[in-house]
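Here the protein sequences line up with chains A and B, keeping their order.
First residue of the first sequence: 2, per this note's numbering; consecutive thereafter.
First residue of the second sequence: 2, per this note's numbering; consecutive thereafter.
Glycine included, C-beta positions come from ideal geometry on N, C-alpha and C.
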Amino acid sequence: MNPLQNLLSTPTKRRVLIAALALLTLTLAYKLVYPPVFDAYVGKTNAQLTYESSKPLTNAEFEGLAQDLTKEARYRTAAAIVESDQDAFARQVKIEMLMGTDSVVRDAEPPHIKYFRDAGIRRYEGPKTCLTCHAAIKIDHPDGSVSTVNTLDDIVNSVHFKFQSESGGFSTYGYDGRRVNSGPHKIPVGKIDRACGIPGSFTWTGWAALIEASPEHAAAGVTQLRSEGCGQCHIGGNYQPATEKMMPIGDVPAEAKEGIDCLICHSTNYDMNQRVVIKDEHGLRWDQDRSLRAALTVGPIRSENCLRCHQHNMGGDAYAHNAAAQASGYKHQRILHRGAKRGNPFSPQDDAHAAAGLQCTDCHRPQGHKIPRGRKGVDLVANDLPGQEVSCESCHSRAPHNNSEHKVLLNGHIERLACETCHIEKLESDNVVLRDWVHPTWNAEEGIWEPTDVYRSGAPGKGFTFLWFNGNGTFLANALGNNPNGSEVYNPLMQQVARIDDPEIIAAVRAKAVELKQQYPDIDVETYVRTATDPLSQLPPALLAKREAMIQENLRGAMNQGESRLYPFKLFNAMMFEDMSNQGPFGAMILPFDYKTYYETGDSKAAVVKAVQDPIVQRMYQEPFKLYMMDEFMSYFGITSGWKTIYPVVDGKLVNVEPHWMRQMGTLMVNHGIQGKGRECKDCHSPNGIMDFAMLGYTPERVAELQNVDVVEHLAAGNTDTPAVSQK
Amino acid sequence: MGWILLFSGMAGTGTACAETDVGPSQASASQAAETPSAETPSAETRSAESRSSENRNCLRCHQMATLAYRNPENGEIVDLAIAPQALSHSVHGELACSDCHDSDFGQYPHPERLKGETLACVGCHEEHDDAAERVYRFKTIDEEFKHSIHVTSDAPEVAGFSCHSCHDPHAFRNSEIGEEIAQIVRQDNGICLSCHAEIQDPLRDPHTWLPKPEKHREAVRCLDCHTPLSEDGQAVSHRILAGKDSNRDCVKCHSKAPQLLNRLYQYRSETDLANKGWISKAVFNEAYVVGMSRSPLIDRSALAIIAITLLGLGAHGYGRYRAYRRSKENRT
Numbered sequence: 002m003n004p005l006q007n008l009l010s011t012p013t014k015r016r017v018l019i020a021a022l023a024l025l026t027l028t029l030a031y032k033l034v035y036p037p038v039f040d041a042y043v044g045k046t047n048a049q050l051t052y053e054s055s056k057p058l059t060n061a062e063f064e065g066l067a068q069d070l071t072k073e074a075r076y077r078t079a080a081a082i083v084e085s086d087q088d089a090f091a092r093q094v095k096i097e098m099l100m101g102t103d104s105v106v107r108d109a110e111p112p113h114i115k116y117f118r119d120a121g122i123r124r125y126e127g128p129k130t131c132l133t134c135h136a137a138i139k140i141d142h143p144d145g146s147v148s149t150v151n152t153l154d155d156i157v158n159s160v161h162f163k164f165q166s167e168s169g170g171f172s173t174y175g176y177d178g179r180r181v182n183s184g185p186h187k188i189p190v191g192k193i194d195r196a197c198g199i200p201g202s203f204t205w206t207g208w209a210a211l212i213e214a215s216p217e218h219a220a221a222g223v224t225q226l227r228s229e230g231c232g233q234c235h236i237g238g239n240y241q242p243a244t245e246k247m248m249p250i251g252d253v254p255a256e257a258k259e260g261i262d263c264l265i266c267h268s269t270n271y272d273m274n275q276r277v278v279i280k281d282e283h284g285l286r287w288d289q290d291r292s293l294r295a296a297l298t299v300g301p302i303r304s305e306n307c308l309r310c311h312q313h314n315m316g317g318d319a320y321a322h323n324a325a326a327q328a329s330g331y332k333h334q335r336i337l338h339r340g341a342k343r344g345n346p347f348s349p350q351d352d353a354h355a356a357a358g359l360q361c362t363d364c365h366r367p368q369g370h371k372i373p374r375g376r377k378g379v380d381l382v383a384n385d386l387p388g389q390e391v392s393c394e395s396c397h398s399r400a401p402h403n404n405s406e407h408k409v410l411l412n413g414h415i416e417r418l419a420c421e422t423c424h425i426e427k428l429e430s431d432n433v434v435l436r437d438w439v440h441p442t443w444n445a446e447e448g449i450w451e452p453t454d455v456y457r458s459g460a461p462g463k464g465f466t467f468l469w470f471n472g473n474g475t476f477l478a479n480a481l482g483n484n485p486n487g488s489e490v491y492n493p494l495m496q497q498v499a500r501i502d503d504p505e506i507i508a509a510v511r512a513k514a515v516e517l518k519q520q521y522p523d524i525d526v527e528t529y530v531r532t533a534t535d536p537l538s539q540l541p542p543a544l545l546a547k548r549e550a551m552i553q554e555n556l557r558g559a560m561n562q563g564e565s566r567l568y569p570f571k572l573f574n575a576m577m578f579e580d581m582s583n584q585g586p587f588g589a590m591i592l593p594f595d596y597k598t599y600y601e602t603g604d605s606k607a608a609v610v611k612a613v614q615d616p617i618v619q620r621m622y623q624e625p626f627k628l629y630m631m632d633e634f635m636s637y638f639g640i641t642s643g644w645k646t647i648y649p650v651v652d653g654k655l656v657n658v659e660p661h662w663m664r665q666m667g668t669l670m671v672n673h674g675i676q677g678k679g680r681e682c683k684d685c686h687s688p689n690g691i692m693d694f695a696m697l698g699y700t701p702e703r704v705a706e707l708q709n710v711d712v713v714e715h716l717a718a719g720n721t722d723t724p725a726v727s728q729k
Numbered sequence: 002m003g004w005i006l007l008f009s010g011m012a013g014t015g016t017a018c019a020e021t022d023v024g025p026s027q028a029s030a031s032q033a034a035e036t037p038s039a040e041t042p043s044a045e046t047r048s049a050e051s052r053s054s055e056n057r058n059c060l061r062c063h064q065m066a067t068l069a070y071r072n073p074e075n076g077e078i079v080d081l082a083i084a085p086q087a088l089s090h091s092v093h094g095e096l097a098c099s100d101c102h103d104s105d106f107g108q109y110p111h112p113e114r115l116k117g118e119t120l121a122c123v124g125c126h127e128e129h130d131d132a133a134e135r136v137y138r139f140k141t142i143d144e145e146f147k148h149s150i151h152v153t154s155d156a157p158e159v160a161g162f163s164c165h166s167c168h169d170p171h172a173f174r175n176s177e178i179g180e181e182i183a184q185i186v187r188q189d190n191g192i193c194l195s196c197h198a199e200i201q202d203p204l205r206d207p208h209t210w211l212p213k214p215e216k217h218r219e220a221v222r223c224l225d226c227h228t229p230l231s232e233d234g235q236a237v238s239h240r241i242l243a244g245k246d247s248n249r250d251c252v253k254c255h256s257k258a259p260q261l262l263n264r265l266y267q268y269r270s271e272t273d274l275a276n277k278g279w280i281s282k283a284v285f286n287e288a289y290v291v292g293m294s295r296s297p298l299i300d301r302s303a304l305a306i307i308a309i310t311l312l313g314l315g316a317h318g319y320g321r322y323r324a325y326r327r328s329k330e331n332r333t
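Here it is as structure tokens:
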């Protein structure tokens with residue numbers, strides 16, 4: 002009897018065989034058929050990735066490089082010792098002397114030189130090389146336990162790679178009143194699928210673009226290629242974000258994982274000039290520094306490593322101390338964004354903690370590749386470690402003021418005020434508040450069309466405001482909280498973040514509108530100013546009424562939770578094209594722009610048409626996507642009737658698409674750029690103070706009391722030795 | 002009925018200790034006058050209105066829940082916050098701030114000369130008209146306290162130990178009959194644990210000899226074992242005993258007449274006793290009597306065995322009755 006006959010001899014054996022074959026078929030289908038089918042469905046590319054900077058070195062070249070790096074390390078050590086010494090020449094001489102001394106020479110060689118030398122590694126090939134030794138890593142958890150995880154899985158499943166998460170623990174509430182992903186139907190949420198008015202696009206449509214810029218200083222007809230896109234700050238090195246991770250099954254293909262840029266975070270000597278868009282036969286993607294120089298200088302993570310990307314959204318590209326922005330590329334230079342996203346940098350010049358030598362990871366203590374962002378979250382939503390606290394109190398205790406004569410009173414304020422409220426005096430002056438994507442402005446120097454920043458300010462009350470915050474936020478990034486007196490008056494979604502009353506801002510917006518009108522004659526200045534400063538005026542009365550009711554019914558609960566304190570929030574609004582088929586009381590689905598079309602032609606409509614034709618956006622307007630996530634997404638968005646799959650482009654024209662300001666401003670937490678010295682009492686406690694106590698839900702009597710604190714008069718006068726207040 | 006001072010408004014953890022040695026820089030918010038000054042009008046003579054307006058003025062700052070500072074001498078956080086709710090419900094809720102504190106505290110910054118002032122309770126309380134009628138006189142408390150380990154010890158931690166080290170005069174109130182015992186125990190032990198942190202450290206806890214120390218801590222007050230038994234009707238002495246002198250005899254609690262534990266049980270409400278109490282009071286006294294079970298499982302199984310036995314007896318009787326009837330029928 003041959004083995005096959007033997008296998009089929011009894012019914013049981015036959016059944017086992019059939020089951021095994023079925024399992025094998027399913028596995029093969031999952032491994033071999035599903036990935037290309039998924040890629041084809043969402044129109045994405047995956048291919049073997051090569052990088053020019055990943056070059057093999059001969060042994061002699063390797064030793065030469067090792068010598069250079071060791072010398073550089075010795076120089077740094079020596080320079081740090083004599084940092085505060087005398088004049089430049091004397092310092093130079095001392096550095097040279099010190100560089101030769103035994104104690105400086107000892108251990109100066111970056112440790113990976115020896116590792117690579119011994120292992121015979123003469124070329125850095127990305128994660129493959131790192132994983133040779135670091136296939137698994139140990140993770141220290143806050144409870145003292147230690148676990149070992151697969152390094153690649155750990156990073157691939159982190160927010161840094163997939164920029165979304167669907168685990169629980171979100172502090173985000175939908176306008177329908179449900180906490181995001183607290184129910185059985187979990188959807189992926191994070192930057193990957195949330196279009197945003199700051200970048201004007203989202204990761205699917207804005208991953209990598211090469212823009213042909215025509216700067217005025219270049220000869221006529223000569224163009225420069227410039228890089229732009231979300232991928233510059235995200236470590237996936239492939240042709241698109243890790244879309245596969247949005248599905249309940251499937252994984253990012255191996256070649257995409259090979260594109261992970263380990264060194265941008267782990268190398269102390271990463272060349273940001275390599276971080277530009279390149280084009281190969283499969284499409285556009287972001288280049289990276291895969292030189293041995295970067296690989297051999299791997300060291301403990303310091304703030305500089307994080308800030309290669311994060312200063313971009315904190316200080317901004319225009320920020321004087323943004324080192325990465327000063328290395329924008331040897332070719333295809335990255336477009337530097339004017340108008341800072343948050344405008345509060347983390348650098349020794351502008352942040353007390355950075356100046357004290359604290360590193361990002363001192364507060365954001367990583368667990369493996371998962372990095373906590375704290376339990377309070379308004380924007381972005383995705384959070385790898387939602388339960389882990391990142392707060393001032395964990396270091397500073399509940400009585401942090403020790404210097405002032407009035408330390409007791411200052412400490413008393415902590416019950417109601419977040420530290421940031423006093424210790425962030427202002428944001429960078431280029432902090433963007435109102436951005437018009439619909440009417441771009443020509444930037445002659447760069448030779449590109451840019452979104453028009455209608456209003457920028459870093460001043461309190463203008464660029465940012467103070468809101469009650471208990472750690473919860475809405476689906477469109479509005480801080481939730483309430484005055485601890487349980488006020489019914491405090492209603493930021495109808496007031497503070499839904500209208501601008503400051504006459505100075507209104508005048509600035511009007512001036513900008515007049516300026517824009519020269520380029521865009523269709524603009525009606527009055528309408529422009531009204532919609533920009535009173536975005537709720539864009540809502541039909543029925544939706545406005547529904548909005549008020551939804552706030553009361555759905556959000557009051559989330560607002561009244563826990564203990565709210567006053568926090569500063571950066572304000573932001575943008576005019577974008579919106580798909581009016583999917584409009585609700587809190588806004589309509591905003592449509593992304595195609596960067597290349599936008600920057601090159603300034604035709605904002607054409608840029609939207611182009612972006613909406615991206616395969617994955619087309620899928621978004623189809624039934625499977627609707628059922629898988631869009632219905633749920635819209636419900637959080639405040640639209641309970643579901644996602645309308647009416648595709649907004651017909652025959653290359655936008656249909657039922659209108660330009661609008663978002664119905665309320667987004668509020669972004671500002672936590673960095675901390676100043677050692679806080680505000681003066683009078684900044685808030687005066688009739689014209691920076692806090693609108695009435696709008697913050699205080700009773701008129703209490704407002705009067707808070708605006709007119711008699712103690713303050715004397716403190717301000719420096720008359721603190723004489724008794725200031727008498728009750729008699 | 003025994004009269005006991007139990008205190009339900011503990012200030013923040015660590016505070017009670019910190020208050021004791023804050024030195025001259027303390028802006029004394031939680032101190033009561035050593036000897037009541039003659040010029041201070043009594044609570045009765047002042048109108049409620051002026052009192053409340055004065056207190057409002059002080060509370061404007063002192064009701065900030067985070068009003069505190071770190072004592073530069075030892076790094077401890079000194080809590081100066083007063084919870085208005087707790088104050089008005091406390092035994093001192095009827096008083097104006099200046100009844101105890103110097104009225105010049107109404108000025109901010111508080112005058113330097115006031116900052117070293119120390120205040121104590123006994124003087125004021127013994128001057129009350131009804132002082133002599135009290136079952137548990139402040140004089141007695143004072144006597145007992147003088148022999149307390151917190152006074153007699155040489156340890157540097159207890160230097161300056163006073164009433165306020167344990168009792169927050171701005172929240173102090175007597176425990177009342179009917180309050181949940183677990184709650185009373187929790188609050189009471191919280192005071193001790195706010196200084197005696199080592200008890201919560203499994204490596205340093207001296208109570209490891211106790212079976213189930215955690216259960217004991219939830220069910221009895223530290224004071225129940227760490228004070229001598231007093232016979233004159235008062236429930237707990239203010240003479241805190243050192244560990245070595247404290248009760249280690251299980252039977253003092255785990256018996257039918259638990260002398261130590263009875264002091265705690267006075268807080269059970271009359272209704273509680275009436276509703277479900279007589280068996281547990283008379284038979285178990287809610288205590289684990291050595292040799293008796295407080296395990297619900299064993300209790301229920303025992304009840305089940307009794308029930309089954311009764312059922313068996315009943316069934317047997319019924320069978321006998323049926324047999325008797327049948328034999329009677331047969332005869333007829």
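| Check | Outcome |
| --- | --- |
| Where His322(A) and Glu55(B) are concerned, what is the direct C-alpha to C-alpha distance, given to the nearest angstrom? | 53 Å |
| What three-state label does DSSP hand Gly588(A) in the structure shown? | strand |
| Taking Cβ-Cβ distances shorter than 7 Å, what residues in chain A pair up with Leu68(B)? | Val409, Asn412, Gly413 |
| What runs of the alpha helix (DSSP H), each 4 residues or longer, lie entirely inside the region 197-239 of chain B? | 214-220, 223-227 |
| So Cys62(B) contacts chain A; which residues on that side make the cut at Cβ distance below 7 Å? | Leu410, Gly413 |
| Any idea which residues DSSP pairs Asn432(A) with across the strands? | Ala341(A) |
| Lys129(A) CB to nearest chain B CB: under 7 Å? | no |
| Are the region 639-659 of chain A and the region 586-593 of chain A in contact at 8 Å, needing three or more beta carbon pairs? | yes |
| On the criterion of 16 or more Cβ atoms from any shown chain inside 10 Å, does Arg240(B) qualify as buried, or is it exposed? | buried |
| For a contact defined as C-beta to C-beta under 9 Å, what are the partners of Glu406(A) on chain B? | Pro110 |
| Can you give the Cα-Cα distance for Arg249(B) and Asp206(B), rounded to whole angstroms? | 15 Å |
| Distance check for Ser104(B) and Cys193(B), CA to CA, integer angstroms please. | 32 Å |
| Taking Cβ to Cβ, would you say Gly284(A) is nearer than 7 Å to Ser488(A)? | no |
| Figure out for me which residue from Val106(A), Lys246(A), Asp103(A), Met98(A) has the closest Cα to the Cα of Phe164(A). | Lys246(A) |
| If you run the structure through DSSP and keep just helix, strand and coil, what is Ala695(A)? | coil |
| I need the DSSP call for His354(A), collapsed to helix, strand or coil. | helix |
| Any chance you could list the alpha helix (DSSP H) runs of at least 4 consecutive residues sitting entirely within the region 602-636 of chain A, in chain order? | 605-613, 616-621 |
| By DSSP, does Ser43(B) sit in helix, in strand, or in coil? | Only weak support is given to the placement of Ser43(B): the predicted model assigns it a pLDDT of 48, under 50, and the value that follows is read from those uncertain coordinates. The answer is coil: DSSP assigns Ser43(B) none of H, G, I, E or B. |
| For Thr78(A), which of helix, strand or coil comes out of DSSP? | helix |
| Along chain A, which residues have their Cβ under 9 Å away from the Cβ of Ile299(B)? | The premise fails here: Ile299(B) is roughly 36 Å from chain A at the closest Cβ pair, so nothing lies under 9 Å. |
| Buried or exposed: which applies to Ala718(A), given that a residue is buried once 16 or more other Cβ atoms fall within 10 Å of its Cβ? | Below a pLDDT of 50, predicted positions are generally treated as unreliable, and Ala718(A), at 45, falls in that range; the measurement from the model is reported next regardless. Its Cβ having fewer than 16 others within 10 Å, Ala718(A) is exposed. |
| Which of the three DSSP states, helix, strand or coil, is assigned to Tyr568(A)? | strand |
| Apart from the five residues on each side of it in sequence, which residues of its chain come closer than 8 Å, Cβ to Cβ, to Asp539(A)? | Looking at the sequence shown, residue 539(A) is not Asp but Gln. Result list for Gln539(A): Thr532, His661, Trp662, Arg664, in chain order. |
| Using the three-state DSSP reduction, which class does Pro112(A) fall into: helix, strand or coil? | helix |
| So which residues of chain A does Ile78(B) contact, with C-beta pairs closer than 8 Å? | Ser398, Arg399, Ala400 |
| Does the Cβ of Ala97(B) have 16 or more other Cβ atoms within 10 Å, making it buried, or fewer, making it exposed? | buried |
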